[in-house]
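A.B. asks:
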Amino acid sequence: MDNNELFTDKVTKGNRTYFFDVKRSENGSLYLSVSESKRTDDGFEKYNILIFEEDIKDFKKAFNRAIKKLEKLTDPESERKSYTLDDIREQHPQAYRPWSTEDDEKLEALFCEGKTVKELANIFERKEGAITSRIKKLELREKYS
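For the sequence shown, counting from 1, position 117 maps to 111 in the numbering used here; every step adds exactly one.
#1: Sorted by chain position, which residues of the same chain lie with C-beta nearer than 6 Å to Lys40's C-beta, five sequence neighbours on each side aside?
#2: For Asp35, which of helix, strand or coil comes out of DSSP?
#3: I need the straight-line Cα distance from Arg135 to Gln88, nearest angstrom please.
#4: Within a Cβ cutoff of 6 Å, which residues of the same chain sit near Phe1, ignoring the five residues on either side of it in sequence?
#5: For Phe105 versus Ile82, is the C-beta spacing smaller than 8 Å?
#6: Are the beta-carbon atoms of His86 and Lys121 separated by less than 8 Å?
#7: Would you tell me roughly how many angstroms separate the C-alpha atoms of Gly123 and Phe14, rounded to the nearest one?
#8: The alpha helix (DSSP H) spanning Leu132 covers which residue range?
#9: Just how far apart, CA to CA, sit Asn42 and Tyr77?
#10: What number of angstroms, rounded off, separates the C-alpha of Ser94 from the C-alpha of Glu133?
#11: Just to confirm, are Ser29 and Phe46 a CB contact at a threshold of 8 Å?
#12: Cα separation between Phe53 and Asn9?
#13: Using DSSP bridges, identify the partner residues of Leu0.
#14: Could you have a look at Arg120 and say whether DSSP puts it in helix, strand or coil?
Okay, here's the thing in structure tokens:
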């Protein structure tokens, strides 16, 4: 490994090898380099993509969604509904997490501003049902009707 290469891993399948390298650029920022090397009759074909540090989270989310879809398409048994916490948190990152006092106060303030349940669900990254339940628990409709 050279000085800017912090981690490397590879997967070899048939005539293809995939490299996953975490590197540091000259300006100090981190990035992921994903490379494919394919043996051909004329030598090797090489392809490379770089995913920069600021894009990693979005790339990971999209990659994981694509992998899940691929798994569903290649395994008909997986088509049955599965509602794992990870699946739910892809759409609602705060789902089933405890509400903090600050969350309750913010919910109350936004409720008083007239935000809809759908808007509140987006703001709090929770399911609409969770917002409705919390509004009921805090008796916000009774307080502000």
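We put the CB at the ideal spot given by N, CA and C, even for glycine.
C.D. replies: So, from the listed chains and residues:
#1: The residue given as residue 40 occupies position 46 in the sequence shown. Excluding sequence neighbours, Lys40 sits near Ser31.
#2: Reading the sequence shown from its first residue, position 41 is the one you call residue 35. Coil.
#3: Working through the sequence shown from its first residue, we reach residue 135 at position 141. Working through the sequence shown from its first residue, we reach residue 88 at position 94. Answer to the nearest angstrom: the Cα atoms are 23 Å apart.
#4: Indexing the sequence shown from 1 puts residue 1 at position 7. Correct list, in chain order: Val16.
#5: Locating residue 105 in the sequence shown gives position 111, counting from the first residue. Locating residue 82 in the sequence shown gives position 88, counting from the first residue. Result no, Cβ atoms of Phe105 and Ile82 do not sit closer than 8 Å.
#6: Within the sequence shown, numbered from 1, the residue matching residue 86 stands at position 92. Within the sequence shown, numbered from 1, the residue matching residue 121 stands at position 127. Yes, they are a contact pair.
#7: As a working note, residue 123 is residue 129 in the sequence shown. As a working note, residue 14 is residue 20 in the sequence shown. Distance between the alpha carbons of Gly123 and Phe14: 41 Å.
#8: Taking the sequence shown and counting its residues from 1, one reaches residue 132 at position 138. Run containing Leu132: none; DSSP gives neither H nor E here.
#9: Start at 1 with the first residue of the sequence shown, and residue 42 comes out as number 48. Start at 1 with the first residue of the sequence shown, and residue 77 comes out as number 83. Computed Cα separation, rounded: 35 Å.
#10: Taking the first residue of the sequence shown as position 1, residue 94 is located at position 100. Taking the first residue of the sequence shown as position 1, residue 133 is located at position 139. Cα to Cα, the separation comes out at about 16 Å.
#11: Locating residue 29 in the sequence shown gives position 35, where the first residue counts as 1. Locating residue 46 in the sequence shown gives position 52, where the first residue counts as 1. It is not a contact, given that the beta carbons lie outside the stated cut-off.
#12: Position 59 of the sequence shown holds residue 53. Position 15 of the sequence shown holds residue 9. Their Cα atoms are separated by approximately 26 Å.
#13: By 1-based counting over the sequence shown, the position of residue 0 is 6. In the DSSP output, where bridge partners are listed per residue, Leu0 has none listed.
#14: Position 126 of the sequence shown, counted from the first residue, corresponds to residue 120. The answer is coil: DSSP assigns Arg120 none of H, G, I, E or B.
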